[in-house]
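Shown next, in structure tokens, is the structure this report addresses.
Protein chains: 2
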Amino acid sequence: MSLDDSDPISSPLQPAPAVQSCTRNLPGFTCGLDATLRVIAGKWKPLILYFLAQDGPTRYGELRRAVRDVSDKVLIQQLKELEADGLVKRTDYKEVPPRVDYSLTPLGQSLAEALVPLCSWGTEHVAEVSQVFAERATWTRRGRQPTG
Amino acid sequence: MSLDDSDPISSPLQPAPAVQSCTRNLPGFTCGLDATLRVIAGKWKPLILYFLAQDGPTRYGELRRAVRDVSDKVLIQQLKELEADGLVKRTDYKEVPPRVDYSLTPLGQSLAEALVPLCSWGTEHVAEVSQVFAERATWTRRGRQPTG
DNA sequence: TTGGGCACTTACCAAAAGGTGCATACTTGT
DNA sequence: ACAAGTATGCACCTTTTGGTAAGTGCCCAA
């Protein structure tokens with residue numbers, strides 16, 4: 744597949760999509776992005792993948808502390824889903840006290856790599872993002888904004 | 744407390760993180776990815792951004808049809824949030840019958856570009872993803888799996 | 001003996017997110 | 001006249017998601 748945006752015949756007047764056109768209508772999904780989203784849906788999954796990608800095999804406790812503000816129940820739950828989806832691998836060392844660690848499968852690894860640009864984007868635009876959230880916090884406290 | 748799998752000098756046996764280390768502990772976020780996720784949290788937001796990036800300014804109705812299965816209420820809602828967050832621009836042509844279109848701001852455009860790898864990932868791995876979902880559908884119909 | 005850490009599990013709950021359906025004001029097509 | 005399309009708003013409700021708090025079995029340190 745050639746990656747150049749030169750379109751021989753169509754109108755040169757359009758805003759020139761900087762994003763390559765994605766295969767729409769995959770079997771069951773509206774597009775590739777849709778498919779991906781189904782897998783990483785879950786408040787902490789992208790973070791989990793990303794941390795595992797950076798830190799390599801990580802024990803449960805460490806992960807728990809890395810992903811701040813997550814509860815045991817949810818962390819475990821998301822890890823199980825990620826495992827079921829073939830993105831992470833759980834290793835139980837059958838020791839006592841318990842010792843378990845989580846790592847990425849090749850598939851998980853590839854997904855984590857696809858998350859890199861999102862992470863960079865966030866880092867580059869923390870300013871905008873946190874400002875937006877500061878503003879939201881004002882009216883998102885149990886009340887709609889009184890006047891448009 | 745020393746975990747012999749994360750020692751600065753010993754153990755050259757690690758999987759060699761293919762993902763660059765991300766700035767952890769940004770002000771308010773655990774990392775850049777965290778920041779990004781706050782902005783695109785919402786079932787349809789990434790899709791919206793992506794479609795706008797590909798199609799350029801898009802009328803409400805078209806968008807509605809592109810993002811299949813979304814309801815008016817939710818679409819509108821997410822568009823408003825994206826607008827409030829400075830990612831999309833709403834243009835009301837003040838015509839009758841109503842004519843409005845949505846487009847990306849530069850910020851939104853940059854985010855959309857960061858979504859490209861996710862879309863590619865999904866496209867490349869539709870097989871795995873849909874298989875996983877097929878399996879999930881089996882036991883995710885109002886009941887836990889009876890026996891391991 | 002008490003307390004803590006480990007890696008979970010379970011029951012119970014609150015909140016968020018999303019969906020349905022009806023309404024609007026006006027136009028166009030049949 | 002009537003249905004349909006346009007871009008929303010609103011009330012209401014269900015589903016999903018996530019959080020809390022407690023408990024488990026085992027070991028080690030104080």
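Protein chains in written order, with our numbering: chain P, 744 to 891; chain U, 744 to 891. For every residue, glycine included, the Cβ atom is placed at its ideal position computed from N, Cα and C.
In the structure shown, residue 845 of chain P falls within a strand segment according to DSSP collapsed to helix, strand and coil. Of all C-beta pairs linking the region 773 to 784 of chain U to the region 798 to 817 of chain U, fewer than three are shorter than 8 Å, placing the two stretches out of contact.
Interface annotation for the region 796 to 822 of chain U against chain P: 796, 797, 798, 799, 800, 809, 810, 811 and 812, criterion Cβ-Cβ distance under 9 Å.
In the structure shown, residue 762 of chain P falls within a coil segment according to DSSP collapsed to helix, strand and coil. Distance from the CA atom of residue 854 of chain P to the CA atom of residue 877 of chain P, rounded to whole angstroms, is 31 Å. Taking C-beta atoms under 8 Å as the contact rule, residue 869 of chain P and residue 770 of chain U qualify, at a distance of about 7 Å.
Residue burial annotation: residue 880 of chain U is exposed, with fewer than 16 other C-beta atoms found within 10 angstroms of its C-beta.
In its chain, beyond the 5 residues on either side, 789, 792 and 793 have a beta carbon closer than 7 Å to the beta carbon of residue 858 of chain U.
Of the other Cβ atoms in all chains shown, 16 or more fall within 10 Å of the Cβ of residue 865 of chain P; this residue is therefore buried.
Residues of chain P whose Cβ lies closer than 8 Å to the Cβ of residue 843 of chain U do not exist; the shortest such Cβ separation is about 16 Å. DSSP places residue 830 of chain P in no alpha helix (DSSP H); its state is neither H nor E. Residue 835 of chain P counts as exposed, since fewer than 16 other C-beta atoms from the protein chains shown sit within 10 angstroms of its C-beta.
Residue 851 of chain P counts as buried, since at least 16 other C-beta atoms from the protein chains shown sit within 10 angstroms of its C-beta. Within chain U, the residues whose beta carbon sits less than 7 Å from that of residue 776 of chain P are 789, 790, 793, 858, 861, 862 and 865, listed in sequence order. Residue 811 of chain P sits in coil when the DSSP states are folded into three classes, being neither helix nor strand. Residue 774 of chain P is bridged by DSSP to P:767. Residue P:773 holds the alpha-carbon nearest to the alpha-carbon of residue 812 of chain U among P:765, P:856 and P:773.
Bridge pairing for residue 802 of chain U: U:844 [DSSP]. The C-beta of residue 828 of chain P comes closer than 8 Å to at least one C-beta of chain U. In the structure shown, the three-state DSSP call for residue 787 of chain P is coil. Here residue 775 of chain P is buried, its C-beta having at least 16 other C-beta atoms within 10 Å. DSSP places residue 839 of chain P outside both helix and strand once states are collapsed to three, so it counts as coil.
Separation of the CB atoms of residue 797 of chain P and residue 765 of chain U is rounded to 7 Å, and the pair is thereby assigned contact status at 8 Å. The beta-carbon separation of residue 795 of chain P and residue 831 of chain P, rounded to 6 Å, stays under the 8 Å limit for a contact. Its chain contains 795, 799, 800, 801, 831, 832 and 834 as the residues whose beta carbon lies nearer than 8 Å to that of residue 846 of chain U, once the 5 sequence neighbours on both sides are disregarded; these appear in chain order.
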